[in-house]
Amino acid sequence: MANRQLTEEEATFYDDNGYAVVDDLFPLEELEEVDRELDRLVQEAEADGQTGIGHTGSSRNKGWLLQLGLRSEFTRRFAEDERVLDLIESIVRPGIAIYSAKLTAKMPRSTDICHWHQDNAYYNAHVLSETRMSTWIPLVDVDEENGCLWVVPGSHKGGVKEHGQYGGQCPKSIGPEDMEAEGATQCPVKAGSILLFHSDLWHHSKGNDTDQIRRAFIVSYQEATVPRGNADQHKILRTP
């Protein structure tokens, strides 16, 4: 059976709004397997003093584990999954290259907020891309209570805004915590589903008001024709 692709309606919604949610892409049993591997990687990274995310016993709370998809063959295969590539092929072109893979986490009862930002603000100008986007794959159901993403529909059309240091979980953001963004909407996503969003889209997340850790596996992709830096890390998955 052929893999799922974006419908014309979904692709149009993504073009207009800068994001789309696609339901039921992964079986829950598969996500549980991914979660176990992420646990192993987080514990390995913590042992090396690299991060404090991943499990409730940690005394630290950095919230990020960058380039996670490059740390094991298992997560690399997940980042290169044909189901995802078939899904994004109509919006990432020409060709598809992986740009980064990371784990984000919100610890139980965490009040950490990641303020409004655009992912492309974190990249060097010479590697900016017209179609770079991220797939945001939650390992549990996410909603407003445990820190789902909030987005500003259509904000990806306005270019990258100036970012500064305003505190919070993200190193750079567009404005302070109390900054209001007109039209902002939340994006609840069920485990097994996937959120796609453009790297120019305004997005942020609030705290986790539950007793369970909220983790998401994020992979960013771009067209294969844009410079990628270290080719061993930023692999071309589909040629133009």
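In this note's numbering, the protein residues as written are 127 to 366. Ideal Cβ placement from N, Cα and C applies to all residues, glycine included. Bear in mind that the values here come from a model prediction, so they are computed numbers and not experimental data.
Take residue i as the anchor and find which of the options has the nearest alpha-carbon.
i	options	result
residue 233	353, 342 and 350	342
residue 345	254, 264, 163 and 150	264
residue 148	333, 268, 316 and 303	316
residue 249	213, 288, 140 and 219	288
residue 244	170, 327 and 275	327
residue 235	130, 128, 360 and 336	336
residue 254	286, 136, 229 and 279	286
residue 296	309, 166 and 329	329
residue 312	272, 290 and 153	272
residue 159	203, 333, 275 and 138	203
residue 205	152, 281 and 303	152
residue 199	322, 163 and 332	163
residue 240	276, 267 and 210	276
residue 146	350, 361 and 280	280
Would residue i and residue j be called neighbours here (beta carbons separated by less than 7 Å)?
i	j	result
residue 366	residue 144	no
residue 320	residue 261	yes
residue 140	residue 217	yes
residue 307	residue 242	yes
residue 212	residue 129	yes
residue 227	residue 278	no
residue 299	residue 246	no
residue 165	residue 318	no
residue 266	residue 274	no
Buried or exposed: which applies to residue i, given that a residue is buried once 16 or more other Cβ atoms fall within 10 Å of its Cβ?
i	result
residue 259	buried
residue 283	exposed
residue 339	buried
residue 173	exposed
residue 230	buried
residue 348	buried
residue 364	buried
residue 134	exposed
residue 179	For residue 179, the pLDDT reaches just 47, beneath the cut-off of 50, and the residue's location in the model is therefore unreliable, although a value from the coordinates is still provided. With 16 or more Cβ atoms within 10 Å of its Cβ, residue 179 is classed as buried.
residue 138	exposed
residue 201	buried
residue 132	buried
residue 154	exposed
Could you pull the DSSP bridge partners for residue i from this structure?
i	result
residue 322	146 and 261
residue 130	Answer is none; residue 130 lacks a bridge partner.
residue 352	None, per the DSSP bridge assignment.
residue 311	277
residue 347	224 and 259
residue 331	240 and 275
residue 362	223
residue 317	Residue 317 pairs with nothing; no bridge assigned.
Continuous beta strand (DSSP E) assignments of at least 3 residues falling wholly in the stretch 227-309: 240-243, 259-264 and 275-277
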